[in-house]
Amino acid sequence: MRRITLSAGQFLGGIVAVLVAFAALMFPARCQAQFPPGWFEDVRPVPGLNSPWQDQSPFVTDGGLTIYFTSDRPNGGTTRVEHDVWMAARTNTSEAFGMPVNVGVPINSAAAETGLYLSNGGTTLYMASRRPGTAGRSDIWLFERDNTSDVWGNPVSVGPEINTAESEFGPWLSSDGLTLYFSRRQGDDRSTEDIFRATRNSLADDFSNPEKLANSHSHVLESQVSMSSNDLTMFFQRQSSPSSPFEIWVASRSSTSEEFTAQYNINQFVKASSINSSSYYTFTPYISPDWPAVGSKLYFGLATSSNDWDLFEATWVPEPSSVCMSFVAVFGLLGSVRMQLGRRLRH
């Protein structure tokens with residue numbers, strides 16, 4: 007066997023090459039994208055809410071003091087086949103939520119109600135429902151009231167530009183109220199679920215011109231959007247194949263005039279976050295509007311079986327921005343050293 011002898015320069019060059027490769031592998035995706043550095047920790051059930059029923063689609067208001075969600079839990083002893091909207095409240099965020107209350111009509115009907123979005127200080131509500139009058143399998147409906155002490159008005163369809171013969175659900179409004187994000191599925195084929203957006207020129211106009219997001223993937227389930235308050239980071243649920251679990255993913259962009267960039271599994275994108283797992287499903291994310299402040303929350307559904315769906319939360323821990331800068335500096339330095347060694351070894 008022939009013995010290979012390396013000079014000191016060649017050996018050092020090899021070591022640097024390995025370090026460069028290692029830095030490239032470990033260079034956090036969040037540092038490459040427009041994403042605040044940090045991670046989610048303390049993943050746990052939302053205190054006071056969970057049941058042996060299907061609880062999902064959380065939406066939190068009043069600085070974390072009120073939570074809305076959908077559930078098929080019994081209402082007054084009556085077993086529900088479909089999901090209703092429920093609400094629970096607490097007096098401070100260190101407490102558990104109180105007993106959930108069914109919000110009743112006109113929001114709930116005999117049909118299934120799913121993900122909801124509240125805006126304008128709790129006076130406007132967008133929600134998906136299969137109630138009578140629905141154009142397809144599920145439509146997005148609008149409810150309004152003058153103030154939070156009033157009862158809700160009757161539901162109004164957001165119109166034929168959005169609601170089709172297919173299923174529309176998962177509404178979310180941009181911070182200026184001029185863009186509606188929603189999900190659409192064709193028939194019963196869940197692999198056709200994609201994220202769409204529609205726009206309007208003013209708050210008085212109807213939404214129109216719906217289009218699929220540019221980076222949506224064919225034959226990959228993507229739906230149920232929750233946007234950061236600056237509209238630059240999108241959290242959503244994703245299922246890569248019928249046999250894979252639902253997972254929470256994230257995409258980002260540097261300005262609202264741009265498309266969202268590459269998508270990342272939140273466990274890979276955010277250091278030390280353990281939200282997704284091969285042993286359960288995670289879905290219907292809701293990011294709190296104060297994110298990425300210290301202690302801000304990601305709420306989501308977690309299913310360990312076909313019937314037991316619970317609401318979970320995770321807490322955001324910001325990471326000093328210098329960490330990302332250090333990765334950039336180290337990566338650049340190692341690359342420079344490798345180039346210099348390469349030049350010397352060639353001469």
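Residue numbers (my numbering): 7 to 353. Glycine included, C-beta positions come from ideal geometry on N, C-alpha and C. These figures come from a predicted structure and were not determined experimentally.
{"Query": "Sequence-distant residues of the same chain with beta carbon closer than 6 Å to Phe-17, five excluded per side", "Result": "Reliability of the predicted coordinates at Phe-17 is poor, the pLDDT of 47 falling under 50, and no value is obtained from them."}
{"Query": "Closest by C-alpha distance to Met-93, when choosing among Asn-153, Thr-76, Pro-295", "Result": "Thr-76"}
{"Query": "Proximity to Met-133 [Cα-Cα], best of Thr-140, Val-300, Asn-126, Asp-145", "Result": "Asp-145"}
{"Query": "DSSP-derived helix/strand/coil call for Gly-165", "Result": "coil"}
{"Query": "Same chain only: Cβ atoms within 7 Å of Arg-50, ignoring 5 sequence neighbours per side", "Result": "Phe-318, Glu-319"}
{"Query": "Rounded Cβ spacing between Pro-112 and Glu-167 (contact assumed at less than 8 Å)", "Result": "Wrong, their Cβ atoms sit about 23 Å apart, outside the cutoff."}
{"Query": "Bridge partner(s) assigned by DSSP for Leu-148", "Result": "Tyr-132, Val-162"}
{"Query": "Of the listed residues Arg-137, Leu-71, Phe-175, Asp-212, nearest to Glu-228 (C-alpha basis)", "Result": "Phe-175"}
{"Query": "Endpoints, the beta strand (DSSP E) within which Val-2 is located", "Result": "A query on residue 2 cannot be resolved here, the shown segment of the chain reaching from 7 to 353 and no further."}
{"Query": "Closest Cα partner of Leu-186 within the set Gln-62, Ala-117, Ile-281, Ser-232", "Result": "Ser-232"}
{"Query": "Sub-7 Å separation of Asp-237 and Thr-262 beta-carbons", "Result": "yes"}
{"Query": "Burial state of Met-240, where buried means 16 or more other Cβ atoms lie within 10 Å", "Result": "buried"}
{"Query": "Close beta carbons around Pro-295, own chain, < 6 Å, minus the five adjacent residues each side", "Result": "Ser-235"}
{"Query": "Proximity below 7 Å, CB of Glu-119 to CB of Ser-135", "Result": "yes"}
{"Query": "Per DSSP, cross-strand counterpart(s) of Glu-199", "Result": "None, per the DSSP bridge assignment."}
{"Query": "Neighbourhood of Asp-212 by C-beta, 6 Å cutoff - its chain only, sequence neighbours within 5 removed", "Result": "Gly-165"}
{"Query": "Residue environment, Glu-325, which counts as buried when at least 16 other CB atoms sit within 10 Å", "Result": "buried"}
{"Query": "Buried versus exposed, by CB contacts within 10 Å (16 or more), Asn-273", "Result": "buried"}
{"Query": "Three-way DSSP call (helix, strand, coil) for Asn-313 in this model", "Result": "coil"}
{"Query": "Cβ-Cβ distance between Pro-64 and Tyr-292 below 7 Å", "Result": "yes"}
{"Query": "Simplified DSSP state of Ile-384, which is helix, strand or coil", "Result": "A query on residue 384 cannot be resolved here, the shown segment of the chain reaching from 7 to 353 and no further."}
{"Query": "Own chain, CB closer than 6 Å to Val-256, minus 5 neighbours either side, in chain order", "Result": "Phe-241, Tyr-270, Ile-272, Phe-275"}
{"Query": "Straight-line gap, Ser-258 to Ser-279 (C-alpha atoms, nearest Å)", "Result": "17 Å"}
{"Query": "Sub-7 Å separation of Ser-115 and Arg-143 beta-carbons", "Result": "no"}
{"Query": "Delimiting residues of the beta strand (DSSP E) encompassing Gln-230", "Result": "227-233"}
{"Query": "C-beta atoms of Leu-124 and Thr-72 nearer than 7 Å", "Result": "no"}
{"Query": "Three-state secondary structure assigned by DSSP to Ile-113", "Result": "coil"}
{"Query": "Identity of the residues DSSP links to Met-93 by a beta bridge", "Result": "Tyr-74, Val-107"}
{"Query": "Selected residue, minimal CA-CA separation from Arg-203, among Gly-104, Leu-209, Arg-191, Leu-219", "Result": "Leu-219"}
{"Query": "Same chain, Cβ closer than 6 Å to Met-105, five either side skipped, listed in chain order", "Result": "none"}
{"Query": "Residue closest to Trp-147, alpha-carbon to alpha-carbon, out of Thr-130, Thr-154, Gln-62, Pro-53", "Result": "Thr-130"}
{"Query": "Proximity of Gln-60 and Asp-78 at Cβ, strictly below 7 Å", "Result": "yes"}
{"Query": "Neighbour-count burial assignment, Ser-208, 16 or more Cβ in a 10 Å radius", "Result": "exposed"}
{"Query": "Integer Cβ distance of Ser-189 from Gln-245, believed to fall under 8 Å", "Result": "With 8 Å as the limit, Ser-189 and Gln-245 do not qualify as a contact, their Cβ atoms being about 12 Å apart."}
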